[in-house]
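Asker: Going by the working numbering, the letters in the sequence shown line up with residues 54 to 318, in that order. The beta carbon of each residue, even a glycine, is placed where N, CA and C say it ideally should be. The structure presented is a predicted model; accordingly, all values stated were derived computationally and were not measured. To start, I am sharing the structure in question, which I have written as structure tokens.
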Amino acid sequence: MFDIGEVINVDTVEYLPLLYMPLPGKYNPLIIIPVENSSVKVNIELMRRPGLELFEVDEVLEKHLSNFYKFLCDELGVNYGFRVSIDSTPLHRGFTYAVVTNAIAKMLAGRLTEDVYELLNIIDSRFGIGDYVAALRLYDQVKDAYVWRYGDGVVRLGGVKARVKRVLGAVRPTHRNNVLDDTKINNILTHLVGLIIIGLYEALSEWNMSKLYDYAKLLNSLWEGTNDFEEFSEYRKLTVSGNYLYVQDVDRVLLLEVELRLQGR
Numbered sequence: 054m055f056d057i058g059e060v061i062n063v064d065t066v067e068y069l070p071l072l073y074m075p076l077p078g079k080y081n082p083l084i085i086i087p088v089e090n091s092s093v094k095v096n097i098e099l100m101r102r103p104g105l106e107l108f109e110v111d112e113v114l115e116k117h118l119s120n121f122y123k124f125l126c127d128e129l130g131v132n133y134g135f136r137v138s139i140d141s142t143p144l145h146r147g148f149t150y151a152v153v154t155n156a157i158a159k160m161l162a163g164r165l166t167e168d169v170y171e172l173l174n175i176i177d178s179r180f181g182i183g184d185y186v187a188a189l190r191l192y193d194q195v196k197d198a199y200v201w202r203y204g205d206g207v208v209r210l211g212g213v214k215a216r217v218k219r220v221l222g223a224v225r226p227t228h229r230n231n232v233l234d235d236t237k238i239n240n241i242l243t244h245l246v247g248l249i250i251i252g253l254y255e256a257l258s259e260w261n262m263s264k265l266y267d268y269a270k271l272l273n274s275l276w277e278g279t280n281d282f283e284e285f286s287e288y289r290k291l292t293v294s295g296n297y298l299y300v301q302d303v304d305r306v307l308l309l310e311v312e313l314r315l316q317g318r
């Protein structure tokens with residue numbers, strides 16, 4: 054465990070689940086890619102007195118960080134406090150949540166072991182946070198783009214980076230297509246999404262841009278077919294290149310205009 058008064062300073066490019074589509078009750082592979090023009094800067098201090106002090110944190114992130122801290126106190130008997138300050142404007146609440154809670158866990162446990170990660174995933178699940186956050190937690194180990202699936206290992210995608218040209222919109226979906234309640238359809242969609250992610254991984258590995266964007270368009274069509282994204286219809290028209298992606302975040306979905314790049318090209 055860290056000493057009282059010690060501080061963890063995190064300054065990292067942001068990592069996002071750019072190629073991913075969640076389905077209820079299912080685990081599919083997802084591709085995490087670092088975004089070179091967005092960063093997260095966080096300071097976390099371990100305090101002797103209990104309590105969670107948050108600075109420059111929006112209401113949604115505050116709620117989830119407070120739930121996390123309450124679990125530590127109520128379920129694990131933690132009686133220390135933490136002062137958290139975010140000195141940047143991240144795109145993705147989920148990644149910021151992963152960075153902060155990773156740091157708190159490291160302060161308490163001394164280091165992030167497989168058992169600690171598993172406990173963090175249990176806490177996330179308790180409060181309805183998707184498996185994409187479990188994937189994001191590994192960013193500091195991999196330090197590169199990677200493919201991840203719950204229960205499987207990480208596959209590195211060396212040199213792949215992203216640049217977010219514009220945040221086109223952010224909505225909280227209020228309705229999902231009722232067809233997802235059909236177990237057979239849900240199973241078929243899960244298999245299809247998994248195949249698309251594998252296709253995206255192969256396209257990135259080969260740096261086959263035509264194949265990459267064909268698979269990305271197919272993934273977007275599934276997002277649009279299974280969610281009520283009427284609010285996004287006008288935003289999509291704003292894209293110059295048409296290269297947009299839906300990105301799952303905590304309590305919302307982001308629509309981002311994205312350029313993927315391979316280091317050295």
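#1: Check this for me: beta carbons of V306 and L298, under 8 Å apart or not?
#2: Should T154 go down as buried or exposed, given a rule of 16 or more other Cβ atoms within 10 Å for buried?
#3: Please list, in chain order, all residues of the same chain as V208 whose beta carbon is under 7 Å from its beta carbon, the five residues on each side excluded.
#4: Can you give me the Cβ contacts of L173 inside the same chain, cut-off strictly under 7 Å, excluding the 5 residues immediately before and after it?
#5: What are the uninterrupted segments assigned as beta strand (DSSP E) that are 3 or more residues long and contained completely in the stretch 151–210, given in chain order?
#6: Taking the alpha carbon of L315 as the reference point, which residue from Y73, P82, E89, G134 has its own alpha carbon closest?
#7: Please identify the residue among L257, M54, S274, K270 whose C-alpha is closest to the C-alpha of R212.
#8: Between the C-alpha atoms of N280 and N231, what's the straight-line distance to the nearest angstrom?
#9: What do you reckon, are the CB atoms on S92 and D64 nearer than 8 Å?
#10: Buried or exposed: where does L129 fall if 16 or more other Cβ atoms within 10 Å of its Cβ makes it buried?
#11: Mind pulling the beta strand (DSSP E) runs of 3 or more residues that sit fully within the stretch 78–131?
#12: When the Cα atoms are used, what is the spatial distance from D234 to F135?
Answerer: Based on what the coordinates show:
#1: For the purposes of this step, residue 306 is identified with residue 253 of the sequence shown, where counting begins at 1. For the purposes of this step, residue 298 is identified with residue 245 of the sequence shown, where counting begins at 1. Not a contact, by the Cβ cut-off of 8 Å.
#2: Residue 154 sits at position 101 when you count from the first residue of the sequence shown. The residue is buried, with at least 16 neighbouring Cβ atoms inside 10 Å.
#3: Against the sequence shown, residue 208 aligns to sequence position 155. Within the same chain, V208 has close Cβ partners Y199, V200.
#4: For this step, residue 173 is matched to residue 120 along the sequence shown. Taken in chain order, the residues that qualify are T154, A158, R190.
#5: 198–201, 208–210
#6: Sequence index remark: in the sequence shown, residue 315 carries index 262 (1-based). Checking every option, the nearest Cα to that of L315 belongs to E89.
#7: Here residue 212 is taken as the residue at index 159 of the sequence shown, counted from 1. The sequence given here has Gly at residue 212, not Arg. Ranking the options by Cα distance to G212, first place goes to L257.
#8: Reading the sequence shown from its first residue, position 227 is the one you call residue 280. Reading the sequence shown from its first residue, position 178 is the one you call residue 231. The alpha-carbon atoms of N280 and N231 are separated by roughly 10 Å.
#9: Position 39 of the sequence shown, counted from the start, is the residue given in the question as residue 92. Position 11 of the sequence shown, counted from the start, is the residue given in the question as residue 64. Cβ atoms of S92 and D64: closer than 8 Å.
#10: Counted from its first residue, the sequence shown places residue 129 at position 76. When all chains shown are included, L129 counts as exposed.
#11: 83–100, 104–108
#12: Translated into the one-based positions of the sequence shown, residue 234 becomes position 181. Translated into the one-based positions of the sequence shown, residue 135 becomes position 82. Rounded to whole angstroms, D234 to F135 spans 41 Å at the Cα level.
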